[in-house]
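For the sequence shown, numbering that gives the first Met the number 0 assigns the number 0 to the initial residue and increments by one for each residue that follows. Notes to accompany the following structure.
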Amino acid sequence: MMSRLKTLRSRMNSGPETHPVDELLPPGKLFTLGAQHMLAAYAGIIAPPFIIGTALHLPLSDLIFLISASLLASGLTTLLQTLGIWKVGVRLPLVQGVSFSGIASMIAIGKNHPDGAVAMQVIVGAVIVAAAVMFFLAPVYSKLLKFFPPLVMGSVVTVIGLSLIPISIGWMQGTPGTPDFGSMKNVFVGIVTLVLTLLIVKYVPGFTKRVGMLVAMVLGTLISIPLGLTDFSQIGTAKVFEVPSLFHFGAPKFDVAAIISMLIVMLVIMTEATADMLAIGDIVERPVTAKDVANGLRADCLGSVVSGGLNGFQASAYGQNIGLLIMSRVKSRYAVAACGIILIVLALFPITAAVVATVPLPVLGGAGIAIFGLVAVNGVHTLSKVDFHDSEQGAVNALIVAATLTMGILPIAAPNFYAQFPSEVQTVFSSGIASGAITAIVLNILLNELRIGRRRRPKNGAEAGTAEPLMAPTIAAPRDLPGISIAHTDENQVGMTGSAETFSNAAGSAAANGAYTGPQAEYPS
Numbered sequence: 000m001m002s003r004l005k006t007l008r009s010r011m012n013s014g015p016e017t018h019p020v021d022e023l024l025p026p027g028k029l030f031t032l033g034a035q036h037m038l039a040a041y042a043g044i045i046a047p048p049f050i051i052g053t054a055l056h057l058p059l060s061d062l063i064f065l066i067s068a069s070l071l072a073s074g075l076t077t078l079l080q081t082l083g084i085w086k087v088g089v090r091l092p093l094v095q096g097v098s099f100s101g102i103a104s105m106i107a108i109g110k111n112h113p114d115g116a117v118a119m120q121v122i123v124g125a126v127i128v129a130a131a132v133m134f135f136l137a138p139v140y141s142k143l144l145k146f147f148p149p150l151v152m153g154s155v156v157t158v159i160g161l162s163l164i165p166i167s168i169g170w171m172q173g174t175p176g177t178p179d180f181g182s183m184k185n186v187f188v189g190i191v192t193l194v195l196t197l198l199i200v201k202y203v204p205g206f207t208k209r210v211g212m213l214v215a216m217v218l219g220t221l222i223s224i225p226l227g228l229t230d231f232s233q234i235g236t237a238k239v240f241e242v243p244s245l246f247h248f249g250a251p252k253f254d255v256a257a258i259i260s261m262l263i264v265m266l267v268i269m270t271e272a273t274a275d276m277l278a279i280g281d282i283v284e285r286p287v288t289a290k291d292v293a294n295g296l297r298a299d300c301l302g303s304v305v306s307g308g309l310n311g312f313q314a315s316a317y318g319q320n321i322g323l324l325i326m327s328r329v330k331s332r333y334a335v336a337a338c339g340i341i342l343i344v345l346a347l348f349p350i351t352a353a354v355v356a357t358v359p360l361p362v363l364g365g366a367g368i369a370i371f372g373l374v375a376v377n378g379v380h381t382l383s384k385v386d387f388h389d390s391e392q393g394a395v396n397a398l399i400v401a402a403t404l405t406m407g408i409l410p411i412a413a414p415n416f417y418a419q420f421p422s423e424v425q426t427v428f429s430s431g432i433a434s435g436a437i438t439a440i441v442l443n444i445l446l447n448e449l450r451i452g453r454r455r456r457p458k459n460g461a462e463a464g465t466a467e468p469l470m471a472p473t474i475a476a477p478r479d480l481p482g483i484s485i486a487h488t489d490e491n492q493v494g495m496t497g498s499a500e501t502f503s504n505a506a507g508s509a510a511a512n513g514a515y516t517g518p519q520a521e522y523p524s
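Rendered as structure tokens:
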């Protein structure tokens with residue numbers, strides 16, 4: 000078996016132009032990197048089913064079942080997203096987990112159905128229908144890619160990182176409701192894990208540097224044992240093998256109001272997923288096209304349909320693993336596919352999940368601060384490509400970023416801000432990532448694309464008080480440049496409009512008070 004894997008790896012990596020994303024690493028490295036991605040995503044995957052199941056007053060056995068189902072669905076969707084089948088899957092190192100965006104809506108559905116099992120039937124039905132509808136609308140939604148320039152993408156990715164940091168801080172404090180929540184020993188373990196992560200990445204050579212977070216978490220867990228922060232009791236009581244059954248709570252029920260609510264949630268998830276795909280494409284240096292986004296959204300939606308059948312919830316790309324890609328600098332999608340396989344094993348073998356559950360939350364919190372912070376840093380790096388220097392354009396861009404960050408942080412800084420708003424508004428804007436993305440996209444369209452409230456540059460002719468247009472000689476546009484098409488005006492000329500003083504002071508500058516009306520290069524998406 001190992002020899003076959005080596006042969007396969009040799010064939011896949013033998014090409015002279017194998018992209019790092021498509022590099023098939025040795026099995027040992029794949030497993031180690033996959034385990035690291037799994038640990039970064041694990042707490043996020045099991046939290047939504049636990050929160051929703053508790054709110055629906057489900058018994059402990061059903062809570063455990065929901066967690067196993069969520070792990071299985073996340074693993075399957077991660078494989079679908081990274082490896083791809085036909086037109087499904089973006090084929091990038093993207094970890095799929097359970098979305099937090101639908102928690103509030105699902106709890107609201109539960110309030111209308113006091114019986115927890117019935118509530119789950121309604122939730123599952125709504126998840127399946129909404130995801131199936133969005134699966135077919137994914138190509139249409141992917142056309143929004145043109146509305147994600149570096150200004151929008153950088154702002155949204157920064158919001159993603161800032162939204163995740165409070166989660167890691169909460170983990171560092173421990174389990175809410177327990178006597179030692181926020182205790183010094185919890186915070187101490189978190190800080191030690193963070194420091195170990197930094198030291199390993201900085202000073203330890205070789206492959207260990209790539210899995211620095213995993214090594215730091217193992218050491219942090221060992222330090223937690225004498226402090227009484229680890230619990231091994233679940234290992235002895237966990238089942239060795241169990242397969243989550245389809246429609247555990249009964250056949251799905253289809254409620255119109257619940258379906259509409261889940262459709263809104265799916266729109267939020269698709270917005271977040273688009274931003275994540277663009278961010279990862281930038282990190283691994285493989286630009287994401289509209290076709291790629293459509294394929295990735297199909298995987299999200301199909302994974303959500305499968306998750307619904309397994310009694311789970313909507314699938315979503317996990318932003319926390321973006322930071323891990325930056326830290327490890329390993330771009331292989333097969334490493335994330337290994338994470339998907341590990342998640343499936345955890346779901347089918349509960350005893351392995353019990354072993355993973357022994358990692359204390361403060362340890363996850365310490366590692367999470369580094370990982371989630373790197374996501375925000377990547378957003379800032381993307382924003383460095385934006386023009387903030389031009390007196391007019393730079394001020395507008397800066398205000399768009401400021402408004403995006405404010406709207407993105409608002410649900411975190413003031414969790415009850417939208418409490419008196421309609422439930423549909425709460426569903427969308429309770430997610431800082433969604434509200435930040437909507438703000439950035441809308442403001443960029445209004446202020447940069449449509450230029451509302453700003454003077455338009457004249458296309459032809461001169462404004463009052465300006466000199467006659469200065470016409471440059473006709474330019475024959477090149478037609479043999481690969482990947483570039485040239486769009487001509489009727490005159491096929493270059494026209495520049497502006498005052499004589501302007502041209503004297505800023506000759507050749509694109510900032511002159513004029514308009515370029517000649518050949519324009521159109522770059523393919």
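All residues carry an ideal CB built from backbone N, CA and C; glycine is no exception. Small disclaimer: the values here were computed from a predicted structure and weren't measured.
Rounded C-alpha distance that separates residue i from residue j
| i | j | result |
| --- | --- | --- |
| serine 232 | leucine 197 | 31 Å |
| valine 344 | isoleucine 234 | 15 Å |
| alanine 118 | histidine 247 | 13 Å |
| glycine 280 | proline 286 | 5 Å |
| glutamine 313 | valine 200 | 34 Å |
| valine 139 | valine 128 | 18 Å |
| methionine 261 | alanine 116 | 18 Å |
| glycine 169 | valine 441 | 32 Å |
| tyrosine 202 | glycine 211 | 10 Å |
| alanine 137 | leucine 245 | 26 Å |
| arginine 328 | asparagine 111 | 47 Å |
| glutamate 16 | serine 383 | 29 Å |
| asparagine 447 | isoleucine 102 | 35 Å |
| proline 148 | aspartate 291 | 16 Å |
| glycine 364 | tyrosine 333 | 26 Å |
| serine 167 | serine 434 | 21 Å |
| alanine 394 | alanine 366 | 36 Å |
| asparagine 310 | valine 126 | 10 Å |
| leucine 218 | glycine 27 | 20 Å |
Which of helix, strand or coil DSSP assigns to residue i
| i | result |
| --- | --- |
| valine 97 | strand |
| serine 141 | helix |
| isoleucine 84 | strand |
| serine 154 | helix |
| phenylalanine 30 | helix |
| glutamine 233 | helix |
| glutamate 423 | helix |
| leucine 228 | coil |
| histidine 18 | coil |
| glutamate 462 | Note that glutamate 462 scores 39 on pLDDT, short of 50, meaning its location in the model is unreliable; the coordinates nonetheless yield the value given after this. Coil at glutamate 462, not helix or strand. |
| glycine 393 | helix |
| glutamate 284 | coil |
| aspartate 386 | coil |
| alanine 413 | coil |
| serine 223 | helix |
| leucine 71 | helix |
| proline 251 | coil |
| histidine 36 | helix |
| proline 47 | helix |
| aspartate 114 | coil |
| histidine 380 | helix |
Cβ-based neighbour list, residue i, same chain, cut-off 6 Å, excluding 5 preceding and 5 following
| i | result |
| --- | --- |
| valine 335 | His36, Thr81, Pro92, Val94 |
| isoleucine 159 | Gly318, Val374, Ile432 |
| glutamine 120 | Phe248, Gly249, Pro251, Lys252 |
| glycine 124 | Pro251, Lys252, Phe253 |
| valine 97 | Ile44, Pro47, Ser69, Phe312 |
| proline 19 | Lys330 |
| serine 73 | Ile44, Gln95, Gly96, Leu342 |
| methionine 269 | Tyr140, Leu296 |
Close-in-space but distant-in-sequence residues of the same chain around residue i (CB under 7 Å, 5 per side omitted)
| i | result |
| --- | --- |
| alanine 54 | Ile106, Gly109 |
| isoleucine 66 | Ile45, Pro48, Phe49 |
| isoleucine 325 | Ile282, Leu373, Asn377 |
| phenylalanine 135 | none |
Close-in-space but distant-in-sequence residues of the same chain around residue i (CB under 8 Å, 5 per side omitted)
| i | result |
| --- | --- |
| valine 242 | Leu347 |
| threonine 207 | Ile199, Val214 |
| glycine 88 | Leu79, Gln80, Thr81, Leu82, Asn294, Gly295, Arg297, Ala298 |
Check your understanding: Where are the beta strand (DSSP E) runs, 3 residues long or more, that stay fully inside the region 292–323, in chain order?
Key -> 314–316
Exercise for review: Tell me the start and end of each unbroken alpha helix (DSSP H) in the region 156–211 that is at least 4 residues and wholly inside, in chain order.
Suggested key: You should have 183–202, 206–209.
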